[in-house]
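In terms of my numbering, the sequence shown opens at residue 334 and continues consecutively.
Built from N, CA and C at the ideal position, the CB exists for glycine as well.
Fair warning: this is a prediction, and the values are worked out from it, not measured in the lab.
Reading through the structure tokens given below for one structure.
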Amino acid sequence: MYTRTRSDALFTAAKACMPGGVSSPVRAYKAVGGSPVFMEQGSGAWVQDVDGNRYVDYVLSYGPLLVGHAHEEVVAAISAAAAKGTSFGACTEDESRLVNKIQTFMPMIERLRLVNSGTEAVMSALRLARAFTGRDKIIKCVGNYHGHADYLLVEAGSGVATLGLPNCPGIPKSTVEHTIMVSFNDLSAVEQALDQYAGEVAAMIVEPVAGNMGVIPPADGYLEGLRAITRAHGALLIFDEVMTGFRVHPGGAQSLYGITPDLTTLGKVIGGGLPIGAYGGRADIMAQVAPEGPVYQAGTLSGNPVAVQAGLATLESGLRGDAWEQASSQASSLMEGLAAIAARKSVPMQVDGVGTMFSCFFTEMPVTNWETASASNAELFAKVFRSLLPRGVHLAPSQYEAWFMSTAHDTEAVEHTLSSFERALEIALND
């Protein structure tokens, strides 16, 4: 019998000492109902909670675990690094090794600076863009999530969308007055904004494949259009590849679509499950970063040796041979299977994905932006989510979060997921 007695008890205890009982809002299950599962361990494609229940995992720490849980090479690399020292606050050889490894797959990034998180990477990239251009305004898309920096928590995706928060209290209006919002996949809106604020826009930042309002690919010509019109207006183009890096393609979205942004932000996979981030791009822009230039950015734990080793091991294993391609193929098989089940049940559902990340929307209309994503049936998603847990499938507790595939997900895991999804959908429809 499926029970979560210990998870429930731990959540009660956590609420007594932590805001909402969680370290990150989406984990509280506000969007899907019920109390959260407390995890204890993971191996490969599977995780186990504190009550002994096992699940095929599609959260994968929200993307970083490209090679699955507790991969032996990653664990060995972390252990060896930690045994030598967890942090030095000094230069290490392996920082350059990780940067060079990233550049092997993303050669458009001429210089790269390691930081501690995706949020920090984005904050630093935008500061740099403003300094380089001498302009203040930033264009971002409704539903794109770029971390929890004050000036970016405007109509954001991910947990902000999950909790239904259009904006965040505590952020002065003056902080966001330079943030211009446009709809994802709408080139004309970007061009209109650049015309309206001619000479004032420092950069446009975009998730080249949206991943924080569900997974939404770019429309044909969208990224090419962004590249052309930002360049024409003297604004920089920043690809936020914190999620898409090494997920939609071994070389990220910029390699998949053949578009070279001026700056790129990275995170998640490059740390293999440990905290890390990075920002980089054109050498002339990155030359403005201290100590080479005047744009200050620093971090006590930047280039942390344990995180760097976890990232190196993840990239070396996940991109070896055809491992990545096999994971992408498994994702395609799962997407096709999910769509077929929904069709047999006459349930309108859109399944969208690129590479090793995808999502499902219970809606008849194609999902191309925040407006269409937010019109999907969140209640049905919540019912399916709750019905999947007792059947051994673990998803992120929000329709706006991506599903992730790892190199550890095999045919057995996919088949288990499909049979569980079919039964969960039947139960949800009869609820």
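- [ ] To the nearest angstrom, report how far apart His-481 and Pro-541 are at their CA atoms.
- [x] Approximately 19 Å between the Cα atoms of the pair.
Open item on the list: Checking 9 Å against the spacing of the C-beta atoms, do Met-808 and Met-576 come in under that value?
Closed with: The shown model of the chain, from 334 to 764, leaves out residue 808, and the question about it has no answer.
Task: Where Thr-744 falls, given that 16 or more other Cβ within 10 Å makes a residue buried - done: Thr-744 sits exposed, since fewer than 16 C-beta atoms from the chains shown fall within 10 Å of its C-beta.
- [ ] Could you work out which residue in Thr-452, Ala-522, Ala-552 and Tyr-335 is closest to Pro-699 when comparing CA atoms only?
- [x] The alpha carbon of Pro-699 has as its nearest neighbour, out of Thr-452, Ala-522, Ala-552 and Tyr-335, the alpha carbon of Ala-552.
TODO: State yes or no: is the C-beta of Gly-547 within less than 9 Å of the C-beta of Ala-735?
DONE: Yes.
TODO: Would you mind reading off the limits of the beta strand (DSSP E) that contains Met-372?
DONE: Residues 372 to 376.
Task: Burial state of Asn-433, where buried means 16 or more other Cβ atoms lie within 10 Å - done: Asn-433 comes out exposed.
TODO: Determine, using beta-carbon pairs with one atom in the stretch 424 to 442 and one in the stretch 509 to 525, whether at least three such pairs fall under 8 Å.
DONE: Using a Cβ-Cβ distance cut-off of 8 Å, the stretch 424 to 442 and the stretch 509 to 525 are not in contact, since fewer than three pairs of beta carbons, one from each stretch, lie closer than that value.
TODO: Output yes if chain D places a C-beta closer than 9 Å to the C-beta of Asn-637; else output no.
DONE: Included in the structure is just one protein chain, with no chain D present.
Open item on the list: So within the stretch 676 to 711, which uninterrupted alpha helix (DSSP H) runs reach at least 4 residues, ignoring any that extend past its ends?
Closed with: At a cut-off of 4 residues, the continuous stretches assigned as alpha helix (DSSP H) that sit fully inside the stretch 676 to 711 are 703 to 706.
Open item on the list: Considering only their Cβ atoms, is the gap separating Ala-347 from Gly-354 smaller than 9 Å?
Closed with: Yes. Within cutoff.
Task: Residue burial classification, Tyr-733 (beta-carbon count within 10 angstroms, cutoff 16) - done: Burial call: buried.
TODO: Kindly confirm or deny that the stretch 395 to 405 and the stretch 599 to 619 touch, where touching means at least three C-beta pairs closer than 8 Å.
DONE: In the pairwise beta carbon analysis, the stretch 395 to 405 is classified as touching the stretch 599 to 619: at least three pairs are separated by under 8 Å.
Open item on the list: Taking a contact to mean a Cβ-Cβ separation below 9 Å, would you say Gly-377 touches Ser-753 in this structure?
Closed with: Their beta carbons are not under 9 Å apart, which means Gly-377 does not touch Ser-753 by this criterion.
Task: Euclidean distance between Cα positions of Thr-345 and Leu-645 - done: Cα to Cα, Thr-345 sits roughly 38 Å from Leu-645.
Task: Cα-Cα separation between Gly-418 and Arg-677, rounded to whole angstroms - done: The straight-line gap from Cα to Cα measures roughly 56 Å.
- [ ] Measure the C-alpha to C-alpha separation of Leu-713 and Ala-729 and round it to an integer number of angstroms.
- [x] Roughly 15 Å between the two C-alpha positions.
- [ ] Go to Met-537, then tell me how far its alpha helix (DSSP H) extends in each direction, as first and last residue.
- [x] From DSSP, Met-537 is part of no alpha helix (DSSP H) but of the beta strand (DSSP E) over 534 to 539.
TODO: Under the assumption that Asn-545 contacts Asn-637 (Cβ atoms under 8 Å), give the Cβ distance between them as a whole number of angstroms.
DONE: Beta-carbon to beta-carbon, Asn-545 and Asn-637 are separated by about 25 Å, too far to satisfy the 8 Å threshold.
TODO: For Arg-564, name the three-state secondary structure that DSSP assigns.
DONE: In this structure, Arg-564 counts as helix in the three-state DSSP scheme.
Task: Spatial distance of Glu-649 from Gly-532 (CA atoms) - done: Computed Cα separation, rounded: 43 Å.
Open item on the list: Only counting the same chain, and skipping five residues up and downstream in sequence, which positions put a Cβ closer than 8 Å to that of Gln-381?
Closed with: These residues qualify, in order along the chain: Met-372, Glu-373, Gln-374, Gly-375, Arg-387 and Tyr-388.
TODO: Please say whether Lys-601 and Gly-632 have beta carbons closer to each other than 9 Å?
DONE: No; because the gap between Cβ atoms is not below 9 Å, this pair is not in contact.
TODO: Could you please give the first and the last residue of the uninterrupted alpha helix (DSSP H) stretch that includes Ala-415?
DONE: Ala-415 -> alpha helix (DSSP H) spans 405 to 417.
Task: Reduced DSSP category for Asp-341 - H, G, I as helix; E, B as strand; rest coil - done: Helix, per DSSP.
Open item on the list: I'd like to check one pair, Val-475 with Met-514: are the Cβ atoms closer than 9 Å?
Closed with: Val-475 is positioned such that its CB atom lies closer than 9 Å to that of Met-514.
- [ ] Would you tell me roughly how many angstroms separate the C-alpha atoms of Arg-564 and Pro-352, rounded to the nearest one?
- [x] Pairing Arg-564 with Pro-352, the inter-Cα distance amounts to about 44 Å.
Task: Spatial distance of Ala-746 from Ser-720 (CA atoms) - done: Near 17 Å, if we compare the C-alpha coordinates of Ser-720 and Ala-746.
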